[in-house]
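The structure appears right after this line, and notes come after that.
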Amino acid sequence: MTMHLLLLFCISLSLLVGSVVGNAPEITRYPSYNNALNVLPVLPRQHSQGGTVFYLGTFSTEDECVAACMSSSTSVSGSRCNFYVYFPSNPNSKASSKDKDFLNQCFSITSPGLNPSYDETAITGQLHWGCRGDSDCSLNGQCIKDTGFCECRPAWKGERCEILNILPTPRDSGYRRMDLNPATKEMANTSSWGGAVLPAKDGSFHMWASEMTEHCGIGAWSQNSRIVHAVAQSAGEPFERKDVVWEVFSHEPEVVPGPSGEYVMYFTAQLRGQHGDCNCCREGEGPCDGSTGPGDCGEDEYENLGNSDPSWLSYTFDPNGNWSEPVQIFSDWQGSDTNFAPVILSNGSLVALWREWTVRGGSRMYLATAEDWKDPSTYVRHETELFPDLGAAGTEDPFLYQDEEGNFHAVFHHMFGTGTEDQWWLDATGGHAFSPDGFQWTYTGVSYGDPLARYDTLEGQGAEVEFDDGTSFKFTRLERPHLFLPEGGSR
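Just so we're aligned: the sequence shown equals residues -22 to -1, 1 to 469 in mature numbering (1 follows the signal peptide of the UniProt record, and there is no 0).
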């Protein structure tokens, strides 16, 4: 089932504990949550690699940690202590020897992002400072300096305009394909993933999505994914598949407007043929319901896969077809899929985000640029990590756009948190980042889903999606976000 950001519902956080002392900011406490898990320095009493987590000292009480956090902040300009993480003494704690190294230590976090992970040895506190400028409103709103409050654009909400303001969605919207089960001769679910949407001149809406062949689920994406084209007459109606654009293996299409009316597709591919390597609709085996089960991919399920996932470029002036011969970008690339997500500017140059998958850190985000989007030789991968202090498993699946003022924004599948080093796909949360120039980026934290919902908490994992008929459904996976922006919202 394809889920788009139009279909997601954001859950607002309420204050757990509030306190106002003079002009001091209100504070929200999150006991048993750690906003710097997997980010704190390997050795105690040090600062983080990215320079957003600072050791403030060792204190016998949390109040002393709070005081150190506030005294380290600059109220007019410069960095602020937006969060503190404190490790209180607990004689009954089952903390490991590594955790005990941090006992009574206090850390300041200058990043604005709320990214808590469940950790019974820690307390996180969020300081609710007033805004000083539009950057404190995530460039999604205007800072009213007299009051210190942000006035958010309609699409955003939250104290810092960091949360997508997503409305209930029609239950039958999006791309929900069913195809004939060859074994039972009945219709069965076909699994899809992602969906880039752009309008056509006739007012119709066109989507390009990844779809798994042989009724397999997303677990067989590297063996069975192909790219399909679907059309709807409005964004809230069901999309109907019209054709297959690229056969197996092709994946994660990102289709963006070009400066001269082009539809420009970036995608991952090792084109092999019409059918995938997995068969999830075998007679007498499996439910044939759009999922991948044991034995569906054979004894050597990775037999026909290459050792790298190249990124390709193709374009057309007609959303119904006639795509150009694909050309590879990053011809020297050896690694996993790059999640390449660009904005093509009016002068033909390009700014993009891409990721590298690492064994210990998960998905790490980087910048890419090009002087001419049509010329792969001008594409440059920048090697400075954008969010080094976002712990494992990082963030992936970026969607990049410009607002009407020229600021750059990105939304992601947010994967930083408890257990995500091994189960990153089970974080049903999204992230947001902004940049005034496309080069200097600030990650603002969880932008949709519940930031406190983790597999080892009472809330459990998943995000509740509300439908416009009054019903709702809790999804455990929400990945590959896309936004559809009206004219003037992106370039």
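The beta carbon of each residue, even a glycine, is placed where N, CA and C say it ideally should be.
Report task. Tell me, please, whether the CB atom of residue 247 is closer than 8 Å to any CB atom in chain D? Result -> Of the protein chains in the structure, only one exists, and it is not chain D.
Query raised in the report: Taking the alpha carbon of residue 117 as the point to measure from, which residue in 107, 254, 408, 131 has its own alpha carbon closest?
Result: Here the question's residue 117 lines up with position 139 in the sequence shown. Residue 117 has its Cα closest to that of 131, out of 107, 254, 408, 131.
Report task. Using three-state DSSP, classify residue 142 as helix, strand or coil. Result -> As a position in the sequence shown, residue 142 is number 164, starting the count at 1. Residue state, collapsed to three classes: strand.
Query raised in the report: Quick one: what does DSSP say residue 17 is sitting in, helix, strand or coil?
Result: Your numbering for residue 17 matches position 39 in the sequence shown. DSSP places residue 17 in coil when its eight states are reduced to three.
Report task. Pull up the DSSP beta-bridge partners for residue 6, would you. Result -> Position 28 of the sequence shown holds residue 6. The bridge partners DSSP lists for residue 6 are 104.
Report task. Answer yes or no: do residue 206 and residue 218 have a C-beta to C-beta separation smaller than 8 Å? Result -> As a working mapping, residue 206 is identified with position 228 in the sequence shown. As a working mapping, residue 218 is identified with position 240 in the sequence shown. No, Cβ-Cβ distance for residue 206 and residue 218 is not below 8 Å.
**Report entry** Reduced DSSP secondary structure (H/G/I, E/B, other) of residue 75
**Finding:** Numbered from 1 along the sequence shown, position 97 holds the residue referred to as residue 75. Low local confidence applies: a pLDDT of 49 at residue 75 is under 50, so the model's placement there is unreliable, with the coordinate-based value given in what follows. If DSSP states are grouped into helix, strand and coil, residue 75 belongs with the helices.
Query raised in the report: Whose CA, out of 83, 269, 351, 107, lies closest to the CA of residue 241?
Result: Here residue 241 corresponds to residue number 263 of the sequence shown, with the count starting at 1. Selected option, being the one with the closest Cα: 351.
Requested in this report: Might you give, ordered along the chain, the residues of its own chain that have their beta carbon closer than 8 Å to the beta carbon of residue 327, omitting 5 neighbours on each side?
Outcome: For this step, residue 327 is matched to residue 349 along the sequence shown. Close CB contacts of residue 327 within its chain, under the 8 Å cut and outside five residues either way in sequence, are with 347, 348, 349, 350, 351 (chain order).
Query raised in the report: With distances taken between CB atoms, is the gap from residue 37 to residue 103 smaller than 8 Å?
Result: In the sequence shown, counting from the first residue as 1, residue 37 sits at position 59. In the sequence shown, counting from the first residue as 1, residue 103 sits at position 125. Taking 8 Å as the Cβ cut-off, residue 37 and residue 103 do not qualify as a contacting pair.
Query raised in the report: What are the residues that DSSP puts in a beta bridge with residue 421?
Result: Walking along the sequence shown from the start, residue 421 turns up at place 443. 411, per the DSSP bridge assignment.
Query - In chain order, each beta strand (DSSP E) run of at least 3 residues that lies wholly inside the stretch 259 to 318 - result: 289 to 294, 305 to 307
**Report entry** Separation of residue 426 from residue 462, as counted between CA atoms
**Finding:** On the sequence shown, residue 462 is found 484 positions in, with the first residue counted as 1. On the sequence shown, residue 426 is found 448 positions in, with the first residue counted as 1. Going from the Cα of residue 462 to the Cα of residue 426 covers about 16 Å.
Query raised in the report: Below 8 Å between beta carbons: does that hold for residue 234 and residue 322?
Result: Taking the first residue of the sequence shown as 1, we reach residue 234 at position 256. Taking the first residue of the sequence shown as 1, we reach residue 322 at position 344. Cβ distance < 8 Å, so residue 234 and residue 322 count as in contact.
Query raised in the report: So what's residue 452 in DSSP terms, helix, strand or just coil?
Result: Residue numbering aside, residue 452 sits at position 474 when the sequence shown is read from its first letter. Three-state result, residue 452: strand.
Query - Complete runs of the beta strand (DSSP E) confined to the stretch 329 to 362 [at least 3 residues] - result: Taken in chain order, the complete beta strand (DSSP E) segments of 3 or more residues contained in the stretch 329 to 362 are 340 to 348.
Query raised in the report: How far does the alpha helix (DSSP H) with residue 41 in it reach, from first residue to last?
Result: Indexing the sequence shown from 1 puts residue 41 at position 63. Counting along the chain, the alpha helix (DSSP H) containing residue 41 begins and ends at 40 to 49.
Requested in this report: Please report how far the alpha carbon of residue 13 lies from the alpha carbon of residue 133, in whole angstroms.
Outcome: On the sequence shown, position 35 is the one that residue 13 refers to. On the sequence shown, position 155 is the one that residue 133 refers to. Between residue 13 and residue 133, the C-alpha separation is close to 26 Å.
Query raised in the report: Is the stretch 379 to 389 in contact with the stretch 402 to 415, if contact means three or more CB pairs nearer than 8 Å?
Result: yes
Query raised in the report: Would you say residue 146 and residue 444 are within 8 Å of each other, going by their C-beta atoms?
Result: Sequence index remark: in the sequence shown, residue 146 carries index 168 (1-based). Sequence index remark: in the sequence shown, residue 444 carries index 466 (1-based). Cβ atoms of residue 146 and residue 444: closer than 8 Å.
**Report entry** Backbone secondary structure at residue 172 - three-state DSSP
**Finding:** On the sequence shown, position 194 is the one that residue 172 refers to. If DSSP states are grouped into helix, strand and coil, residue 172 belongs with the strands.
Report task. Locate the alpha helix (DSSP H) running through residue 201, then write down its first and last residues. Result -> In the sequence shown, residue 201 corresponds to position 223, counting from 1. Start and end: 199 to 202.
Query raised in the report: What's the C-alpha gap between residue 423 and residue 170?
Result: What you label residue 423 is simply residue 445 of the sequence shown in a count that begins at 1. What you label residue 170 is simply residue 192 of the sequence shown in a count that begins at 1. Here the C-alpha atom of residue 423 lies approximately 27 Å from the C-alpha atom of residue 170.
Requested in this report: Take the Cβ of residue 26 as the centre, count every other Cβ of all protein chains shown within 10 Å, and call the residue buried at 16 or more, exposed below.
Outcome: Walking along the sequence shown from the start, residue 26 turns up at place 48. Residue 26 is buried by the Cβ-count criterion.
Query raised in the report: Once you ignore the five residues that flank residue 293 on each side, which residues in its own chain have a CB closer than 6 Å to its CB?
Result: For the purposes of this step, residue 293 is taken as the residue at position 315 of the sequence shown. Excluding positions up to five away in sequence, the list reads 240, 242, 302.
Query raised in the report: Quick one, are the C-beta atoms of residue 367 and residue 30 less than 8 Å apart?
Result: To locate residue 367, count along the sequence shown from 1; it is residue 389. To locate residue 30, count along the sequence shown from 1; it is residue 52. Taking a C-beta distance under 8 Å as the contact criterion, residue 367 and residue 30 qualify as a contact pair.
Query raised in the report: Alpha carbon to alpha carbon, what distance is there between residue 290 and residue 248?
Result: In the sequence shown, residue 248 corresponds to position 270, counting from 1. In the sequence shown, residue 290 corresponds to position 312, counting from 1. Whole-angstrom Cα-Cα distance: 10 Å.
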